[in-house]
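Student:
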């Protein structure tokens, strides 16, 4: 009997898990890897650039509603802003600019700017400083032509409203967003003038004082000069970015002693110290910080003879941020102890509570330069002369809308706001004293609170009196409610401790006596 020996079949050799994983990975086409890498990159870029395309898509491209913050008793809101449809609507950004960074970059490099012609006037400040005032030339202007085109007189109807524009940090009358603004305001019938900062607009620095975020003296003198020259013309003002900070600070400092009827502050930084911390926090913010510092250094190099004499010139040339520039130049020239001291004293957030004229403030919550953390919500709500409009999107000043990005939302909003305000106000002679160049005093002021309203019918007056009486009674009941509640609680405690049975009865029938405790 023979026995067959069967050799067992050996299983195939199995490699390590890493070898299997590598083998499987090599079987995947390289195009799939490229597609995955592209998707991951797009997701990262979408979040890094703070895009909101899908948010707009899922809401049907209706945009986000504008949030208004104001004092409940605000006459400005009830009589003016409540009539502004744009401020009670929604803002939808241009779909292909669905990012605050894309909007800001597009505005700087590719933004559409209409053709605007200016007539320049040179204003000499009391310290010898030179300020360029660029007046928009319109068809109804009658310009006196002389051999020297600079500082020619511009003649027009002295009662026509004047709009004063205060531009941003390194902006001038030739900046794209400034041209869009002045073009729309001129079309609406305003005589528009751009108040270029010292050293900007092609004029030299002729004194040892520089412009900064808190210097209001130049704006004050320019406004007084325009008011003295055209005392019958209603004056309005719009400030953007740093220009908004200067404008709000000026209005808060001078309170009622300003000849301005109404003003608007667009993308104001509010608190410079908080803004400085914000600009050094994120990567994109540090990029903006360096970009603005480059603009400031170019401004300094343009006026090198002055800067080299009054500032730490070598340190200024090496500045890589706004803070470093302010530390080596602005702080030194204006004798501030530290940069933080300069930022604290020049912030407009503490002045907004003192503003005594109608002020509309517009800020974007996704502003990549002026953080939402600095917005003075409580101060704006406290002051009945201020209305704060905030939007979810908009970037730093662009606010482009429409498929072609040719329209700017905040420009339309402020144009409507000033149109309603202008139609409501009535000019009043009052104690604002303007001393003209010839020594005469003009006492002119516009009392914005004296609004023109249609007369009420007897039936409307009766209803209004009834509503006031009901409101007065409700207010009285609201005042005594805590006292009444406390009194009955004390009575209840006394009964429970003195006569437990009576207290138990009251507790059992608490629903019947519930109104006594509310």
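Numbering (the working numbering), first residue to last: 1 to 518.
Don't be surprised by glycine CBs; every beta carbon is placed ideally from N, CA and C.
(1) By how many angstroms is the C-alpha of residue 282 removed from the C-alpha of residue 19?
(2) Which word fits residue 254, buried or exposed, when buried means at least 16 other C-beta atoms lie within 10 angstroms of its C-beta?
(3) Comparing the C-beta of residue 375 with each C-beta of chain E, is any distance below 8 Å?
(4) Using the Cα positions of residue 123 and residue 133, report the straight-line distance between them to the nearest angstrom.
(5) Would you list, in sequence order, the uninterrupted beta strand (DSSP E) runs of no fewer than 3 residues that lie entirely inside the region 287-367?
(6) Which residues does DSSP pair with residue 67 in a beta bridge?
(7) Does the beta-carbon of residue 39 have 16 or more other beta-carbons within 10 angstroms, so that it is buried, or is it exposed?
(8) Which of the three DSSP states is assigned to residue 164 in this structure?
(9) Roughly how many angstroms lie between the CA atoms of residue 213 and residue 423, to the nearest whole one?
(10) With a CB to CB cut of under 6 Å and the five nearest residues on each side skipped, what residues in its chain are close to residue 17?
(11) Per the DSSP calculation, residue 265 is bridged to which residue(s)?
(12) With DSSP as the reference, label residue 18 as helix, strand or coil.
(13) Could you compute how far the alpha carbon of residue 341 sits from the alpha carbon of residue 211?
(14) In chain order, what residues of the same chain lie with their CB nearer than 6 Å to the CB of residue 99, ignoring the 5 residues before and after it?
(15) So residue 132 is in the beta strand (DSSP E); what residue range does that whole segment cover?
(16) Spatial neighbours of residue 377 within its chain, please: C-beta separation below 8 Å, excluding the five flanking residues on both sides.
(17) Residue 96: buried (16+ other C-beta within 10 angstroms of its C-beta) or exposed?
(18) Straight-line CA distance for residue 238 to residue 163?
(19) If contact is defined by three or more beta carbon pairs under 8 Å, each pair taking one atom from either stretch, is the region 341-361 in contact with the region 258-265?
(20) Evaluate residue 280 with the Cβ neighbour count: other Cβ atoms within 10 Å of its Cβ, from every protein chain shown; 16 or more gives buried, anything less gives exposed.
(21) Can you tell me which of 90, 289, 300 puts its alpha carbon nearest to the alpha carbon of residue 202?
(22) Quick one, are the C-beta atoms of residue 107 and residue 177 less than 8 Å apart?
(23) Have a look at the DSSP bridge pairing and note the partners of residue 535.
(24) Between 131, 125, 118, 128, which has its C-alpha nearest residue 137's C-alpha?
(25) Taking one C-beta from the region 400-407 and one from the region 67-87 each time, how about it: are there three or more such pairs within less than 8 Å?
(26) Based on Cα-Cα distance, which residue from 104, 345, 116 lies nearest to residue 192?
(27) In angstroms with no decimal places, state the Cα-to-Cα distance between residue 382 and residue 166.
(28) Taking DSSP as the reference, what is the three-state secondary structure of residue 174?
(29) With residue 47 as the anchor, note down where its alpha helix (DSSP H) starts and where it stops.
(30) Exposed or buried, residue 23, counting other C-beta atoms within 10 Å across all chains shown (16 or more means buried)?
(31) Could you tell me whether the region 295-313 touches the region 336-352, where touching means 3 or more Cβ pairs closer than 8 Å?
(32) Would you list the residues sitting across from residue 110 in a DSSP beta bridge?
(33) Can you give me the C-alpha to C-alpha distance between residue 56 and residue 92, rounded to a whole angstrom?
(34) What are the residues that DSSP puts in a beta bridge with residue 191?
(35) Between the Cα of residue 289 and those of 78, 410, 369, spot the shortest distance and give me the residue it belongs to.
Tutor: By the coordinates alone:
(1) Looking at the two C-alpha atoms, the distance is approximately 42 Å.
(2) Residue 254 comes out buried.
(3) Among the chains of the structure shown, chain E does not appear; only one protein chain is present.
(4) The straight-line gap from Cα to Cα measures roughly 7 Å.
(5) Taking only runs of at least 3 residues, the beta strand (DSSP E) segments lying wholly in the region 287-367 are 359-364.
(6) 390, per the DSSP bridge assignment.
(7) With fewer than 16 other Cβ atoms within 10 Å, it is exposed.
(8) DSSP places residue 164 in strand when its eight states are reduced to three.
(9) Rounded to the nearest angstrom, the gap between the Cα atoms of residue 213 and residue 423 is 32 Å.
(10) Residues of the same chain with their beta carbon placed closer than 6 Å to that of residue 17 are lacking, with the five preceding and five following residues left out of the count.
(11) Answer by DSSP bridge pairing, in chain order: 239, 361.
(12) Note: residue 18 maps to helix in three-state DSSP.
(13) Here the alpha carbons of residue 211 and residue 341 stand approximately 17 Å from one another.
(14) Contacts found: 49, 50, 51.
(15) Counted as a single uninterrupted DSSP element, the beta strand (DSSP E) harbouring residue 132 occupies residues 130-136.
(16) So the qualifying residues of the chain are 69, 388.
(17) When all chains shown are included, residue 96 counts as exposed.
(18) Near 7 Å, if we compare the C-alpha coordinates of residue 163 and residue 238.
(19) The count of Cβ pairs closer than 8 Å, one atom from the region 258-265 and one from the region 341-361, reaches three, so the stretches are in contact.
(20) Answer is exposed; the Cβ neighbour count stays below 16.
(21) If you compare the alpha carbons of 90, 289, 300 with that of residue 202, the shortest gap goes to 300.
(22) Taking a C-beta distance under 8 Å as the contact criterion, residue 107 and residue 177 qualify as a contact pair.
(23) Summary: the structure shown does not reach residue 535, with the chain confined to residues 1 through 518, and so no result is reported for it.
(24) Check the Cα spacing between residue 137 and each of 131, 125, 118, 128: the tightest is with 118.
(25) These segments do not touch.
(26) When 104, 345, 116 are compared, the shortest CA-CA separation from residue 192 is found for 116.
(27) Distance between the alpha carbons of residue 382 and residue 166 is about 26 Å.
(28) Coil, per DSSP.
(29) Element bounds for residue 47: 30-48.
(30) When all chains shown are included, residue 23 counts as exposed.
(31) Counting C-beta pairs with one atom in each stretch, the region 295-313 and the region 336-352 have fewer than three that are closer than 8 Å, which means they do not touch.
(32) Residue 110 is not bridged to any residue.
(33) Their Cα atoms are separated by approximately 8 Å.
(34) The partner list for residue 191 (beta bridge, DSSP) reads 162.
(35) If we check each option's Cα against that of residue 289, 369 comes out closest.
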